[in-house]
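Before any comments, here is the structure.
Protein chains in written order, with our numbering: chain A, 15 to 462; chain B, 111 to 457; chain C, 50 to 327.
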């Protein structure tokens, strides 16, 4: 007879004591609960929860002090904000939503502890053993694809000469007047492929181009270019050609003190959209809401009305299809996707926001996931990365474009962006504001 | 050039005969072949020949059908358990873990087979023999498929290969007027050929002279350019992501780690790693040799064309097979052919 | 080597003692096939030690096989594997792979004067050199030992200094960067000490081990000011290693691999490559 294994993260001050109170009063609680004592429910990071499931927990229960009663003032606010977002991510990839629960129990509420523990155990028992951890010796997953594809819009013939010329001229001017030390833009390689280029002298400005293949988010190079040299800040700003989506990254990074606004000269391009290798408009462009860069020092404008957003913000049809499917099917789909992953980290390196000096998921001392390129680790890496980008991801989708294995990781970021907007009315990059859950350590939690 | 290595019989078979032969193989062993997966071509196990990524019959030989990952992943998988560790108090028990299946890989391009040969130099021909790689390699037969022409990013001819190079295959197939010409290059390959059923032929194997796309610098040229600023310049766009190394048929750097399996039980695994990554050389205590992207990218190119050949003795050949995968996957447009052309130019 | 070279032998810790702050000496008794593998080894070789569950890392063998059969390793606690090793005590079992790498050509050094320079835990791979000379004293000329550390608490093998000093034609010079109240000897970097001692290059060979920056400046000083030729400067290097067998590629220094072409190098063969190593 299957008995679920429940990991319960209990905060020292309230819920752990609440569990003790239940024990002392001889109120029965299920034996399935294995308690992990934490100083505060706000300590329970997504890595801990995912680690619990990775190691075989059938359910994870997080209990903290009631809102307003936290020993650390706002620690439980943190939990209240973070864990529902994590839960929406985990359920999106196929975990049943009954398996993760956040609730509040005070030190004297022995009965309440017991009731919640009992209810939770019953609902997890009813679901059966969890299907989360995959046998590392197993074979390749079945190849699953979604039937819904966001509408394909062929990229029309467009003349880019005016914009290219305008970018070159501005770059020439910025470099000859020595207003900037470097212009990061796009060029055509010898093979005719559009790629990033770094130019330092006005004569080189003719290398710059603008076309339908300017897909890279060039702001990803800014922390590298703006890092202090020999202990001294670099003396001049760096100019960067940005599309509307790219420009939002500047706001996010400035809000996080990665560099200052005055260190960046944004050559903003009003964008017709970018072409994907199959000749159609990229999916991120279909849902784009901004035709003009948010962060902009000089605007390179032109004809932009050709593309009207066909879908409302975030509504990639794949997300709807996945949400409508039962959890087991969602799980199968995502396992099939992550199985292809080779953990090259192209997604992470292409991202303008992923700039931790040492990635949590790559540390030698990482206790949260292993280093192996295996299904469980790969899934945790992607989920963890998506969570760390919640409220920060600006939707450039370069991660998905850079992936050599066609994994639709952009769906994870989009899903979380939807959740963040619904919960906090926040969209990354529109203003200089940090993410409400990842970087802001305190703040009122507003119960809906 | 398609000179046969041994003075061998040729067979002429039809598409149907090929498919039924592959079906037989799939029944008896594990057959791995290019398959369409999520819009990509990948080497995957197939149970029936119908699952193979045939574009139209005969099989398209253009390398756009080239799988994203090379055959390297079959002999040297992304992650491999070497042994398990049972620990209880002061008692330790180690148990080795060796792969144990027979595989046939169909649809291997000459660049991939040559990549496997280059890895053999490291894992088999240089002491000590790597037992994991050896076990997989000896239990695998390669059925090659000649390319009719190079793909847009291919440059195998520049590095001493050719689209119809038979050197490193067990069996080689050449598309020929609705069917295939087949030749067995090794005993292992001969063993697979259903001798009585196939029609022998005296038709010559196609022999095309493929142009050398562009000359590459000879090995001796590399050391003098080590301190050039060039490396810092071309690496500015590099993202240090390592995709190039992972899809490369010959990149072989790996990491070794102990991972937890269950209380008191660990496994020592090895998994792919690459010098392009930022943390590759980091030592405990935090010091990082090669902190600059340019140093890392330079190391990768030097290793491919100078260090690996010097260290493992492959003469003047390079460890690059000219497959072009790195060019295809690089998200930032780093192009190895540009580097080769630039280095070869007179100073 | 009969067995799979990636599979470790087992070794039992017969003694664990503190050598210096956060540095321990692990003395191992080899079990099963390991005792055969470690029957002989040369000064300069290294081995991989596994703290099972944490991982494995390379360590220089810190004694001569003549002073065996136990094998010594000095382990500084700097990361996860070394922390795992520091948690072990007498009787615990570790994994050992080795002996690996090349070694100091002691036969070639016969008749030479030896100058040994060790910085911090860099002294550990040099101890077998000193032991070898002491155990074969008549075969070698003078032995000059320069030993340095950032602080007196970080000097290794302090309880053996008297034995070294007492040997014929042998001198020991110590220096620290930051002295404590009891320190009565030299203060300063090893390069300053080296300039003060100023050994003669005639018929002499130097052996240096320490952090990369120290190796760089010491060899520079030896060659530019003290008249040594690169050929007579030997170093033992370390690098991050994962296999130690020349397969995984991680420890490359140019076209050389520290694990199989080294860790002992002659500065003439490796001088130019040192930049890539730092």
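Glycine is no exception: its CB is placed at the ideal position from the N, C-alpha and C atoms.
Selection from the options that minimises the alpha carbon distance to residue i
i	options	result
residue 64/A	151/A, 83/A and 76/A	76/A
residue 95/C	111/C, 82/C and 104/C	111/C
residue 217/C	238/C, 231/C, 189/C and 123/C	189/C
residue 430/B	315/B, 419/B, 232/B and 439/B	419/B
residue 168/C	249/C, 195/C and 308/C	195/C
residue 417/A	365/A, 197/A, 89/A and 66/A	365/A
residue 243/C	231/C, 272/C, 230/C and 261/C	272/C
residue 439/A	414/A, 427/A and 405/A	405/A
residue 255/B	291/B, 225/B, 380/B and 241/B	291/B
residue 402/B	318/B, 410/B, 393/B and 388/B	388/B
Neighbour flag for residue i against chain B, beta carbons, 7 angstroms
i	result
residue 387/A	yes
residue 217/A	no
residue 55/C	yes
residue 226/C	no
residue 427/A	no
residue 344/A	no
residue 212/A	yes
residue 206/A	no
residue 311/C	no
residue 171/C	no
CB contact below 7 angstroms: residue i versus chain A
i	result
residue 389/B	yes
residue 121/B	no
residue 379/B	yes
residue 141/B	no
residue 351/B	yes
residue 393/B	no
residue 406/B	no
Cβ-heavy atom distance, residue i to the ligand MN, below 6 angstroms
i	result
residue 280/A	Here there are no bound small molecules, and the ligand MN is not part of this structure.
Three-way DSSP call (helix, strand, coil) for residue i in this model
i	result
residue 102/A	helix
residue 218/A	helix
residue 335/B	helix
residue 224/B	helix
residue 428/A	helix
residue 8/A	Nothing in the structure corresponds to residue 8/A, since chain A is present only between 15 and 462.
residue 409/B	helix
residue 254/B	strand
residue 263/B	coil
residue 196/A	strand
residue 311/B	strand
Partner residues on chain D for residue i, Cβ-Cβ distance less than 8 angstroms
i	result
residue 315/A	Here the protein chains are A, B and C, and chain D is not one of them.
Cβ of residue i within 7 angstroms of any chain C Cβ
i	result
residue 453/B	no
residue 320/B	no
residue 301/B	no
residue 324/B	no
residue 290/B	no
residue 304/B	no
residue 125/B	no
residue 417/B	yes
| task | Can you give me, in chain order, the residues of the region 210 to 226 of chain B that have a beta carbon less than 8 angstroms from any beta carbon in chain A? | result | Residues passing the 8 angstroms Cβ filter: none.
| Which whole runs of the alpha helix (DSSP H) in the region 18 to 99 of chain A are 4 residues long or more, in chain order? | Segments of the alpha helix (DSSP H) lying fully in the region 18 to 99 of chain A: 29 to 38 and 60 to 68.
| request: Could you please tell me which residues of the region 176 to 189 of chain B, in chain order, have their CB closer than 8 angstroms to any CB of chain A? | output: So the close ones are 178, 179, 188 and 189.
| message | Please list, in chain order, the residues of the region 355 to 379 of chain A that have any C-beta partner in chain B closer than 7 angstroms. | response | Taking 7 angstroms as the Cβ-Cβ cut-off, the region 355 to 379 of chain A approaches chain B at 356, 358, 359, 360, 363, 364, 372 and 376, given in chain order.
| said: Taking beta-carbon pairs under 9 angstroms, can you tell me which members of the region 412 to 437 of chain A lie near chain B? | reply: Answer in chain order: 412, 415, 416, 417, 418, 419, 420, 421 and 422.
| query | Taking Cβ-Cβ distances below 9 angstroms as the criterion, which residues of the region 129 to 155 of chain B are in contact with chain A? | reply | Listed by position along the chain: 145, 146, 147, 148, 149, 150, 152, 154 and 155.
| Taking Cβ-Cβ distances below 7 angstroms as the criterion, which residues of the region 287 to 304 of chain C are in contact with chain B? | Answer set for the region 287 to 304 of chain C: 289, 291, 292, 294, 295, 296, 297, 298, 299, 301, 303 and 304.
| message | Please list, in chain order, the residues of the region 350 to 371 of chain B that have any C-beta partner in chain A closer than 7 angstroms. | response | Per Cβ criterion, the list reads 350, 351, 352, 353, 356, 357, 365, 367 and 369.
| field | Complete runs of the alpha helix (DSSP H) confined to the region 208 to 260 of chain C [at least 4 residues] | value | Segments of the alpha helix (DSSP H) lying fully in the region 208 to 260 of chain C: 210 to 215 and 239 to 246.
| query | In the region 429 to 447 of chain B, which residues sit with their C-beta less than 9 angstroms from some C-beta in chain A, listed in chain order? | reply | Listed by position, the residues of the region 429 to 447 of chain B near chain A (Cβ gap below 9 angstroms) are 435, 437, 438, 439, 440, 441, 442, 443, 444, 445 and 447.
| For the region 254 to 318 of chain C, which segments carrying the alpha helix (DSSP H) assignment without a break, of at least 4 residues, lie completely within its bounds, in sequence order? | Taking only runs of at least 4 residues, the alpha helix (DSSP H) segments lying wholly in the region 254 to 318 of chain C are 261 to 273.
| message | Any C-beta of chain B within less than 8 angstroms: which residues of the region 219 to 230 of chain A qualify? | response | For the region 219 to 230 of chain A, which is checked against every Cβ of chain B, the residues closer than 8 angstroms are 230.
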